[in-house]
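Undergrad: In this note's numbering, the protein residues as written are 3 to 1210. A virtual CB, placed ideally from N, CA and C, is assigned to each residue, including glycine.
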Amino acid sequence: MPKKKFKHLKETDVSEIERRIKANDPVYNEQFEYANNYICTSKYTIISFVPKNLIEQLQRIANAYFLGLLILQLIPAISSLPFYTTLVPLVLVLGVTLVKDGLDDYRRHRSDDQVNNRKATVLRDGKMMEEVWQKVVVGDIIKMENNQFVAADLLLLSTSEPNSLCYIETAELDGETNLKVRQALPETAEIDNDIVKFSEFDGEIICEAPNNRLPKFEGKLNWQGQTYSLDNDKILLRGCVLRNTQWCYGLVVFSGHESKLMMNCGKTVFKRTNIDRLMNDLIIGIFIFLLSMCLICTIACGIWESQIAGDKFQIYLPWESYIPGTILGTKDGSVTEGATTLSLLTFFSYIIVLNTVVPISLYVSVEIIRMGNSLLINWDSKMYYEAKDDPAKARTTALNEELGQIEYIFSDKTGTLTQNIMEFRKASINGKSYGDYLDASGTALEITESDDSVFIGDSDLEPRASIPSTPRCDFSENKYYEESFCFYDRRVPDGIKRQDQHMHDFFKLLALCHTVMPEDKDGKLEYQAQSPDEGALVTAARNFGFVFKSRTPNTITIDNCGTEETYDLLAILDFDNVRKRMSVIVRRNGKIQLWCKGADSVIYERLDKSCREMQELTTHHLNEFAQEGLRTLCLAVKEIPDSVYATWAAKYKEASISMENREDKMNECYEEIETNLMLIGATAIEDKLQDGVPDAIANLAMAGIKIWVLTGDKQGPEENTEHVDSVRFANGGNPTGTATFNSVDETVSLEGSSDFALVINGHSLAHCLKPELEMILLELGCSCKAVICCRVTPLQKALVVDLVKRNKKSITLAIGDGANDVSMIKTAHIGVGISGQEGMQAVLSSDYSFSQFRYLERLLLVHGRWSYLRMCKFLKFFFYKNFAFTLCHFWYAFFCGFTAQTLFDPYFISFYNVMYSSLPVLALGLFDQDVNDYYSLRFPKLYHPGLVNLLFNKKVFALSVIEGVLSSIVLFFIPYGALLEEVTPWGKDQADIQSFGVVVASTLVVAVNLRCALDTSYWTGFNHFVIWGSIIYYFCFILAMYASVFNYTYQGAAFAVFSSANFWLTLILTNVILLVPVVAYRFYMTNINASLTDRVRMKQRLTKSKSRSRDLHIRRTSTFRRSARSMRSGYAFAHQQGFAELITSGTNMRDRASSVQLKSPVTLTNVKKFDGHSAHSSKPTNGVTAPATHPNSLESYDKGKVLYSDKL
C-alpha cells in the first residue's frame, strides 16, 4: 500500500481505500504514516495570534475601511482630523474582538493540553506502561479501567465482564447519557487479562479508511489462520467513557484527527439573518453616498480655489509648498493646476471627515444586543421544563431577530408534537379487531378515562352528568402485570384463557421478536427498550401473560401464561430504514420458526398467497386504526425446515464476514428467508400529544405562520394527527380563516390561504422533488392550509425545507427531536431541537433548544417578536443619529471654503458614538417592548409586521436617512442663525468656530437622546439612567475637558457658551423644532390611524389602570378541545439498526438507544369531500347517551375539503 499521510477527511474523501494494521508491530504500521494521537483544535499560536486574528478581522469590510481611513489620516497633506479620532474606536473594536478570540482560543489550548496529556496504560515491549495520549499510535494495545475515557478508536479485544461485554457512555459523541453495550470477539476474549498472550497477539486488521460515519464500521481480523467479521459493535470510539466495567483491552485502529470523533468536528454552517444581509447592502449604499458627498466637496473646492479665492486668499493663507501655483514659489504651475491638486486632496480629506456616516460601532452594538436577547431567552422561567430540569437555551446569538420573521415551520411529529410515550390500545388478530369496550349487546362504547372535568350537557345552564370511567380489564392474576397498563376489551384475556391459538401466537411473537433487554431492579422486572414503541409491545405481551424474562446470546426465555419456555435464538434479522421490519429465527422442540414484525407495506409483499382474505380484513382494521391516529404494525410467522435453514445459515455466515458489499449480501440473505409468511395480525399503539400543542399551533397559525409536518410515519395516521377527514373552519366557515384539523381527541389549527390540505408520502415526494416538478409541488403546498409529508427520509426532509428556502422569500424554521431531524434543522434558516425521547442529536445541531413544543409559541411570538422589534428600532435610530451628526460637517463645508475643516472638537467626534449616544440606543435594543408577553401571546396578529419585513427595510432606512439629513439641517442652521450676530454682555463677538461647534454638539447630544426617549416604549430604571445620564455626563465631561487645567485648545469655550442665555434658548428652540413634528405624527398615527399594536398597547394601559376589568374589545378565537383524552398520532416502526448483532453475540443491552423513524412511501388518494356527520357519528358512552350534536362539534361548521392526489 502506498505511503500517504492523512489529514482531516471528509466523508467523501477516498484518499485511503483501506487500512491495514498489525498488532504489536510498530515497524510495519509506521510505513503508512498514520496520524498520531495528538489533537489540536485551537486556531492560533503565541506567535501567530495577533497577526492572524487581525487579518481575520480585517476581512470584514467595515474594519478594513476604517484601517484605510487611519492610514489616510497619517498623511498630513490630506488629514484634517487627528489620527486618534479613528484610532480610538478602531482599536476598541479590534481589541475587544482580539481579547474575546484570545480567551476562546486559550480555552481550546487548555482543553487540548488536558486531553493530550491524559494517561493511558499501553503495552510496550511486553509490559504495561503508563503513557500520555498524544504518544499512543495505531497498532498499540491499551488497557482501560472503569470510568476512563477511551483514548482512540479501538477494536475491543477482551473485558472483565461475562460474555466479553463492556458498557460505554457516548455523551461526547451523540449527547446521550444512556449506556451502550459493546462485545469482543469470543476468540480474542479468551486472552482475558494475560499480558503475555497480548504480547504475542499478532492479528492483522483490514478495515475501512478513516471516515466520520459514527454508527458504521466494516473490517475483518485475520488471526491464527481464521478470518473474523468486525463491525461497529466491537469498536470503542474516542470520547466514550467506560462504565460498569472493571477493565478492558483494545487495539488502536484510528487515532488523533483520524478518529471518528475528530472527523465529526466539522465546521458549523454559518447562518446569517436577513437583517445582516440587508445591512451589508446598506453599508455599500452609505459608502456610495459618502463618495457622492466627497465628490461634491471636491468639485466645489476646485471651483472655489480656481474661480473665487485663487491668488487673492493666498495672501492670508498660502497654499502648501508642494501645491503648483503656490504664492510661496516653491512649485511651478498655474492656479488651475493648484486648484485641481487641492480638490483631489480635499476628496480624501472629506472621506476622513465624513467617515462617521459609516458607523464602526454598529457591528459591536449589534453583537451586544444579540447577546443580551439570547440571555433573556436562557433566563425565561416560562420556558423552563421542571420535570426534566431543562431550561430553554439559545445556542447561537446571531439569529434572534430572525425568530420574529418566521413564515414556515417544518416540524417532525413523533416526539416533537407528541410525547413519544407509547401505549398499546388495539389489535387485529386473525381478521378480528380488538380494543373497543363492548356492552352486553356487543355495541362499542366510547372509552372514557377518569377525569372530573368531563361532563355531558349542552350549556352551563343545563344539569351536567359526570361520565363514568370505563372499567379496565383485570390482569391481577398475572404476577408480572403492571397497574398502569390499560386495556378495555375483555375478549382478549378471555380468548387467551380459552387457549385461542391465534391469540397465543400474536402475543408470543411480541414476546420473542424484539431487542429489548430485561433487568431485575429490587426484585421487579424492568425492560430497557431502544425505542418506546418496541417497549410498549413487549410490555403489552407481558400484561397479557406472555412475559419476556431473560435472554442470552443463544436463547430467549419467556413465561407463557405461567409456563416457562426457552427458545434457541438462531438469528436476528435486524431492522433498518430500508427493510422496515425485523425478524427472529428461533427453535424449540425441534421446530424452527421465523417471527417477523414490520410495516404493513413490506409485510404484505412477503405473505403467502393463502393469506389474501385475512390480508383484506387486516387492511380494513389498519385503516380504522389509522383514522384514529394509532401507530400500526403487522405481525407474521413462518416455519422453516431444518435443511432449508442449514443452507441459509451457511450463506448468511459467509455474507457476514465479507469485506465487499457486506450489507447488500446480508440483505439478500434476509430477502431469501423472509418469504411465504403467514399473517397473524396487527398492533395499534397510541402516541400521546404533548401538553399545549393544539393551543401553540393555533396561535402560530393565527400569527400567519404556515406549518408543514415532515414525518417518517405512515399516511393514514398522519392525516389523523391533523385529521384530514374532518376539515373545518374555526371562524364558522370563512375560507380565509383558520383551518382546523380535528382528530378524535384534540384540535390542531393551521394557517393557510385556502381550504385544502395536502398529504403526500415519501415515494411520491421523491418524484415531486425532481427539478421539473418541484415548483408545481411548491405552488400546490403553499396554496394549502396544511402540508403533511409522510414516510419521508431525513434527506427528503432537508430537500423540502431547501425547496421553500430557495424559492420563497421567507424565513424557515425546522424543529425536531431525533437524529433523523438533524438534516432539516441544519438546512433551515433556524433550527430548533427538542430534548425528548430520541436522544440529544437534534439539540446538538440546533440553534435553539427546549423540552416542549409549546415553548416554540413563546420563543417566536414573544422573544422573536421583541428581538425583531428591538433590532429594527436600534438600526433606525442608529442610522438617524449618525446621519444627523455627520451631515453637520457637510453643511459646514459651504462656510469654510471646502477646506475639510471640522465643525466639532476631535475628541467629540471620537466619543460621540462611544460615550454620548451609545448606551441609550443599547438599552433600547436590549429592553424595549411594545406590549408585554401576555398580550404578545393573546394577540398573535402582532407578529405580522415581521412576516412582511415591515419595521426595517430599504424604505424605512431611506426615511431614517432623510430624517437624519433634515435634522442635521436644523441642528446646523438654527444655531448658525442664533450665533451669527451674537455678542457677549461685554461686547465681544461670540460667533467663533469653537463656540459654534460646542453649541451644535450640545444641541445634537440632547436632541438624539430625547429622540431615543421618544422611541422607547418600555421604560426601565436603566433606560432612565442611561438617557438622562448621557446628557448630564456630556455636559459634565465637556466642562471638565475644556477647563484650564488641561490647557486644551478649546479651553474656556464650554463655560462661555453655557453661561449664555442665547445658548439655552437655542437649545430649546432646536429641540422643539426637531421633536414636535415627530410627536405630532405619532399622535396622529396612534389616535387616527392606529395599528393593532397601538390598540393593544392602549388596552394594556387600560388593563393596568383598571386591573379588575378583563373584558377587552379585541379577542382571540378560542381553541376548542373535543375530549379530555390525548390526541392519537400515527405509528411508524421506530427502531435502530445494529442491535441484533449485539444480542446474538451475547450483548446485554442496558439502555435504549435513539429511535429512528421509518420512512416509507404511502399513496396519495383521490380528491374527496368528507361528510362530517358520517365521519363523526355519535357513540353511546358507557351506557350514557351522548347528545346527538355538540354545540362545538363538526356538525355546526361548514364541511371542509381535503386535497389528495394519486400516486405519481
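Can you name the start and end residues of the beta strand (DSSP E) that Leu-159 belongs to?
TA: 155 to 161
Undergrad: Straight-line CA distance for Ile-498 to Leu-511?
TA: 14 Å
Undergrad: Exposed or buried, which one is Tyr-36 when buried takes at least 16 other CB atoms within 10 Å?
TA: buried
Undergrad: Quick check on Gly-444: buried or exposed, where buried means 16 or more other Cβ atoms within 10 Å of its Cβ?
TA: exposed
Undergrad: Am I right that Val-540 and Val-518 are in contact with their C-beta atoms under 8 Å? What's the rounded C-beta distance?
TA: 5 Å
Undergrad: What is the rounded straight-line gap between the Cα of Ala-741 and the Cα of Phe-855?
TA: Confidence at Ala-741 is low in this model, with a pLDDT of 33, below 50, so the placement of that residue is unreliable and no value is reported for it.
Undergrad: Since Met-424 sits in a beta bridge, which residues does DSSP pair it with?
TA: Answer is Asp-689, bridged to Met-424.
Undergrad: So within the segment 557 to 607, which uninterrupted alpha helix (DSSP H) runs reach at least 4 residues, ignoring any that extend past its ends?
TA: 602 to 606
Undergrad: So, for Val-90: in the same chain, excluding its five sequence neighbours on each side, which residues have a beta-carbon less than 6 Å away from its beta-carbon?
TA: Leaving aside the five residues that flank Val-90 on each side, the residues in its chain whose CB is nearer than 6 Å to its CB run, in chain order, Ser-912.
Undergrad: Which of the three DSSP states is assigned to Glu-20 in this structure?
TA: strand
Undergrad: In the structure shown, what three-state DSSP assignment does Thr-634 receive?
TA: strand
Undergrad: Only counting runs of 3 or more residues, tell me where the beta strand (DSSP E) segments fall wholly within the segment 793 to 853, in order along the chain.
TA: 813 to 818, 832 to 836 and 850 to 852
Undergrad: Under 9 Å, do Thr-1095 and Val-933 count as touching if we go by C-beta distance?
TA: yes
Undergrad: Does the Cβ of Thr-450 have 16 or more other Cβ atoms within 10 Å, making it buried, or fewer, making it exposed?
TA: buried
Undergrad: Where does Glu-983 sit, in a helix, a strand or coil, going by DSSP?
TA: coil
Undergrad: Take Ala-902 as the anchor and find which of Phe-892, Tyr-909 and Ala-341 has the nearest alpha-carbon.
TA: Phe-892
Undergrad: If you count every other CB in all the chains shown that lies within 10 Å of the CB of Tyr-936, and 16 or more means buried, which is it?
TA: exposed
Undergrad: List the residues that DSSP assigns as beta-bridge partners of Ile-709.
TA: Ile-411
Undergrad: For the alpha helix (DSSP H) holding Ala-66, just list the boundary residues, first then last.
TA: 63 to 75
Undergrad: In chain order, what residues of the same chain lie with their CB nearer than 7 Å to the CB of Asn-736, ignoring the 5 residues before and after it?
TA: For Asn-736, the pLDDT reaches just 31, beneath the cut-off of 50, and the residue's location in the model is therefore unreliable, although a value from the coordinates is still provided. Once the five neighbours on either side are set aside, Asn-736 has no close Cβ partner at all.
Undergrad: Are there three or more Cβ pairs, one per stretch, closer than 8 Å when the segment 788 to 806 is compared with the segment 763 to 772?
TA: These segments touch.
Undergrad: Given a cut-off of 9 Å, decide if Phe-219 and Leu-159 are closer than it, judged by their beta-carbon atoms.
TA: no
Undergrad: Determine whether the beta carbon atoms of Tyr-387 and Tyr-1086 lie at a separation below 9 Å.
TA: no
Undergrad: With DSSP as the reference, label Gln-1102 as helix, strand or coil.
TA: helix
Undergrad: Taking three-plus beta-carbon pairs below 8 Å as touching, is the segment 547 to 566 in contact with the segment 597 to 616?
TA: No: the two stretches stay apart, fewer than three of their Cβ pairs being nearer than 8 Å.
Undergrad: Given Ser-848, which residues of its chain have a CB within under 7 Å of its CB, disregarding the five upstream and five downstream residues?
TA: Closer than 7 Å at the Cβ level, and outside the excluded window around Ser-848, lie Arg-397, Ile-827, Gly-833, Val-834 and Gly-835.
Undergrad: Shortest alpha-carbon distance to Thr-1051 belongs to which of Pro-908, Ser-1062 and Ala-1092?
TA: Pro-908
Undergrad: Distance check for Val-254 and Asn-213, CA to CA, integer angstroms please.
TA: 15 Å
Undergrad: Please report the Cβ distance between Trp-306 and Phe-900, rounded to the nearest whole angstrom; I am assuming they are in contact, meaning their Cβ atoms lie under 8 Å.
TA: 6 Å
Undergrad: Candidates Leu-877, Phe-203, Ser-1019 and Ser-853: which alpha carbon is nearest Ile-277's?
TA: Leu-877
Undergrad: From the DSSP output, read off the bridge partner residues of Asp-522.
TA: Leu-527
Undergrad: Name the two residues that bound the continuous alpha helix (DSSP H) containing Gln-629.
TA: Boundaries of the alpha helix (DSSP H) around Gln-629: 614 to 629.
Undergrad: Looking at C-alpha atoms only, which residue of Cys-890, Pro-947 and Val-588 is the closest neighbour of Pro-977?
TA: Cys-890
Undergrad: By the DSSP assignment, the beta strand (DSSP E) with Asn-224 in it spans what residues?
TA: 221 to 225
Undergrad: By how many angstroms is the C-alpha of Gly-694 removed from the C-alpha of Arg-385?
TA: Per the sequence presented here, residue 385 reads as Met, with Arg not at that position. Their Cα atoms are separated by approximately 13 Å.
Undergrad: Spell out the partners DSSP gives Arg-245 in its beta bridges.
TA: Tyr-169
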